[in-house]
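What follows is a short report on a single structure.
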Amino acid sequence: METLSQPSRAAPGADSTYWALVEENAILREEIQVARKAAELTANLVVKQFEETEKVLHRFQVANAQRKAVLDSATRISIIATNKDGVITVFNTGAEHLLGYTAQEIIGKQTPELFHLKSELETVRDRLSLKYGRQVTALDVFFEYVAQKRLAPSEWTYVRKDSTQFPVRMTINVLRDPDGDISGLLFIAMDIAEIKRSEKALKESERKYRLLVRNLPNCVYSGYLDGTIDFFDNKIEQITGYSKEAFLSREINWFKLVHEDDLAHAKEQFKEALRTDSSYIREYRVKSKTGDTIWIQDGGQIIYGENGEVEFITGAFLDITERKLAEKALHESEEKYRSLFNSGPIPIFVLERETLEILDANPMAEDTYGYSNGELTGMPFSELGPVDEIYKSISAFDEMDWPRACVVSSRVRHYQKGSSPFYVRVTACPTRYKDRDAIILATSDITEMLEKEAQLLQASKMTTLGEMSAGIAHELNQPLNAINMGSEYLKMMIENRKKIPEENLVEVSDRITEQVDRASEIIDRLREFGSKSDFAKEKVNINKSIRVAYGIINQQIRLQDIDVILDLEKNLPPILARNTRIEQVIFNLITNAMDAVIQPKKARTQKAKPAITIRSFLENDRVTLTVSDNGSGIAKSVLEKVFEPFFTTKEVGSGMGLGLSISYGIVKDYNGEIDIQSLEGKGTTVRLTFPCA
Amino acid sequence: MEKILVIDDEKATLSMFRLFLDAYGYSVYTAENGKEGLEIFRKEKPAIVLTDIKMPGVDGLAVLQQIKEIAPQTAVIVITGHGDTALAEQAAALDAVDFISKPIKKEALDAALEKAREKLG
Chain L
1 METLSQPSRA APGADSTYWA LVEENAILRE EIQVARKAAE LTANLVVKQF
51 EETEKVLHRF QVANAQRKAV LDSATRISII ATNKDGVITV FNTGAEHLLG
101 YTAQEIIGKQ TPELFHLKSE LETVRDRLSL KYGRQVTALD VFFEYVAQKR
151 LAPSEWTYVR KDSTQFPVRM TINVLRDPDG DISGLLFIAM DIAEIKRSEK
201 ALKESERKYR LLVRNLPNCV YSGYLDGTID FFDNKIEQIT GYSKEAFLSR
251 EINWFKLVHE DDLAHAKEQF KEALRTDSSY IREYRVKSKT GDTIWIQDGG
301 QIIYGENGEV EFITGAFLDI TERKLAEKAL HESEEKYRSL FNSGPIPIFV
351 LERETLEILD ANPMAEDTYG YSNGELTGMP FSELGPVDEI YKSISAFDEM
401 DWPRACVVSS RVRHYQKGSS PFYVRVTACP TRYKDRDAII LATSDITEML
451 EKEAQLLQAS KMTTLGEMSA GIAHELNQPL NAINMGSEYL KMMIENRKKI
501 PEENLVEVSD RITEQVDRAS EIIDRLREFG SKSDFAKEKV NINKSIRVAY
551 GIINQQIRLQ DIDVILDLEK NLPPILARNT RIEQVIFNLI TNAMDAVIQP
601 KKARTQKAKP AITIRSFLEN DRVTLTVSDN GSGIAKSVLE KVFEPFFTTK
651 EVGSGMGLGL SISYGIVKDY NGEIDIQSLE GKGTTVRLTF PCA
Chain E
1001 MEKILVIDDE KATLSMFRLF LDAYGYSVYT AENGKEGLEI FRKEKPAIVL
1051 TDIKMPGVDG LAVLQQIKEI APQTAVIVIT GHGDTALAEQ AAALDAVDFI
1101 SKPIKKEALD AALEKAREKL G
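Residue numbers (my numbering), protein chains in the order written: chain L, 1 to 693; chain E, 1001 to 1121.
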């Protein structure tokens, strides 16, 4: 606007006033024109400038919005800016989200103590303080950090508002003003807790895998078609004696180690794998460095290349030498037992445990029972003999210590083909047969032994009868005497022609009948006692047996002036035995008791009257019988031998010494128990117990 | 009537003796064992005693011994089992007048009773 003020300064005189005016006007006009022009130009410029400003302003606004959007959208990334004094100027949504503070409450506050781990800062600060030889502030740590590490991100720990901590990866940058001076710091941090966790999990998994490979007995390998092979650890050296390097350097080829007899088959298995699912498990022998033969189990998976060619084989070896040796030993053991089974001198059967069906039988079983192996296999064992006892044994197995749980039965009757019976003793043991629960059962033919035993028994009975003959004669003489006197009386009266009073006739005839009955009874008892008994069992009432046995001997006992107490429990259950045999046992026990009480009086310390007590009762579900005497008793040294055959304390000639041993055999036959307790000079008690029938 | 005592543990035998000796005209006493027999003997003082040798409790030989102590003049006839000669000899030694063995025959009984009466005079 200077040009406009010019004319006022150019009006110095009046004469020249017109021209001066004209000139002045012209100048003015010109000036005005110029001024107008200038004004126009200026206006345009101003407008233009205004427009420019508008544009810049708009761009700025857009950039600002973008910046804010970037800040806010980074919800997983914390962006914090400070001025150079550490006062927070920016705190984005991500920072709010991660740290739990709002921007509002944090902007204007001082960093770094607010959400940095103090100990972490201090560690760095102390290190820096030491390095520079001066006290470094917490904020300096970051400046130093930036100065030294530049932009490299590093791991720090952030502390949330709720004081929980989490690891962050943080980059720190300095902010500079337009002049390039440092105006603040920019912290960009990312939560890496999740990453850390995954890393840890991955590491753990890798560690476990390595541990597995190391600790597995399997020796992991990568093998190639030419027999070269790589190993991942040195377990192969433990197995073969060759180190993994020996294989890696191709000094050793695996195929060279494989036993020549096994190589062809192993290769065949590989080809088979190629045809099928590309995996195989094969077993073969390899020769170790020391020349030992090692059994290898080789499990492999064939890996193909892009063009379908075999690239390599990944697999693992396992040393199974021990297993193979055990298998061989087992096989040999089986062979051994098989030959024992086959050549066994007694019949042996293998029975299915539940059904007792015959699974196998040895040749001796075929011979003895008269069936062929084909006939025996699959046959129920019950066709050969009773199975009740076997079933009982089976239930007993469970309570016993396997495999020593074997059960021996007493004699049982078995049948050969064609039903001819014979007697056996059965031994049954639990076993496994072809993966099934089974019973191995052996039968020993004891028919001959039983016959011998029966002969012996008979002999002993006859001996006993012989020993008893005087007593029996005496007993039979009594009724004979009465009968004889009766008839002599009648004869005398008739000869003398005397009248017999009617009551006397009745008396005589009654007495005769009574005494004949008595004599027959004695004879019956003797006959029964003397008869041979067979082995079949029957229900035996033990009280009845006691009465029969006692009946035979009671006359002698009475004459020896011995008190006998019979204390028999009524309604005892029966036992499963043989009447005559049980009677024989009881008879034998009573005879022994009688002998004990009538031995020379000096042997008896007590002056009590000789007495024998016979008791029967039920105890622990067993029918029990005791025969006690108050006689001489048995010395301990003798007591151990009383059940031995031919052992006797009686004088030579007065007995065979078979009594107790035979009694023992009989009692055992009927699953009974016999025991004897004695005190020298006090007496003896023999106790028999039998299971109820 | 002459008193006679029979001791035997056999009831049937005693019963038959009673018939016989009744018919012979004796006044008959019987006992089933030695102890009872001795009691009756002390009470009735029979001149003749018949006793079985084998008896429970007090046996025939003991009875014979005691009777001889109480009344030595008594005629005691012992009854033995078949073939018990050893016992018969022992009885003889104890001054038994005779022995008869079972089964008893009438002749043997008569002979023994005869001997007893001879001894009694």
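Beta carbons: idealized from backbone N, C-alpha and C, even for Gly.
Runs of alpha helix (DSSP H) with 4 or more residues, each lying fully within the segment 311 to 343 of chain L, are found at 321 to 343, listed in chain order.
Distance from the CA atom of K434(L) to the CA atom of M449(L), rounded to whole angstroms, is 36 Å.
Distance between R615(L) and S628(L), taken at the CA atoms: about 8 Å. Beyond the five residues adjoining it in sequence on each side, S78(L) comes within less than 6 Å, by CB distance, of G94, A95, L98 and A189 in the same chain, given in chain order. Within 8 Å of the CB of M492(L), the CB atoms of chain E belong to F1020, A1023 and K1106, in sequence order along the chain. The Cβ atoms of E272(L) and Y284(L) lie no closer than 8 Å to each other. Between the alpha carbons of Y101(L) and E194(L) lies a distance of about 21 Å. By the rule that beta-carbons nearer than 8 Å mark a contact, T1013(E) touches chain L. For L248(L), same chain residues with a beta-carbon under 7 Å away, outside a window of 5 residues either side, are D230 in chain order. In the displayed model, D1009(E) falls within coil according to three-state DSSP, outside both helix and strand. Shown here, Q66(L) sits in a helix according to DSSP, grouped into three states. Taking the Cα of M594(L) as reference, the smallest distance to any Cα among P610(L), T580(L) and I582(L) is reached at P610(L).
In its chain, beyond the 5 residues on either side, L128 have a beta carbon closer than 6 Å to the beta carbon of E144(L).
A442(L) sits in a strand when the DSSP states are folded into three classes. Taking 8 Å as the threshold, the shortest C-beta distance from K1054(E) to chain L falls below it. Chain L places no beta carbon closer than 8 Å to that of M1001(E), leaving this residue out of the contacts. In the three-state reduction of the DSSP assignment, E673(L) falls in the strand class, which pools E and B. Going by DSSP, I542(L) is part of the alpha helix (DSSP H) stretching over I542 to L559. At a cut-off of 8 Å between beta-carbon atoms, G1121(E) makes no contact with chain L.
Against chain L, the beta carbon of E1010(E) has neighbours under 8 Å at Q478, N481 and A482, listed in chain order. Judged by their CB atoms, F381(L) and I358(L) are nearer to each other than the 8 Å cut-off.
Of all alpha-carbon atoms in Y1024(E), G1025(E), V1097(E) and S1015(E), the one lying nearest the alpha-carbon of L1120(E) is that of V1097(E). Using a CB distance cut-off of 8 Å, Y489(L) counts as an interface residue toward chain E.
When the beta-carbon positions are compared, I575(L) and Y670(L) come within less than 8 Å of each other. Listed in chain order, the non-local C-beta contacts of T321(L) below 7 Å within the same chain comprise I294 and W295, local neighbours out to five positions each way being set aside.
For K1035(E), none of the residues of chain L pass the 9 Å Cβ criterion, the least Cβ distance being about 12 Å.
CA-to-CA, the gap between T580(L) and S420(L) works out to about 25 Å. Contact check for L1005(E) against V1049(E) passes: the beta carbons are separated by less than 8 Å. In this structure, DSSP gives P1056(E) a state outside helix and strand, which the three-state scheme calls coil. Against chain L, the beta carbon of G1057(E) has neighbours under 7 Å at D561, listed in chain order.
Following the DSSP letters along the chain, one finds Y284(L) inside the beta strand (DSSP E) bounded by residues S279 to K287. A contact between stretches requires three or more CB pairs, one per stretch, nearer than 8 Å, and the segment 502 to 517 of chain L meets this requirement with the segment 483 to 493 of chain L.
Here the alpha carbons of V286(L) and Y242(L) stand approximately 12 Å from one another.
A direct Cα-Cα distance of roughly 41 Å separates T624(L) from L1087(E).
Note on geometry: alpha-carbon atoms of F232(L) and S288(L) lie some 19 Å from one another. A straight-line Cα-Cα distance of about 53 Å links N630(L) and A365(L).
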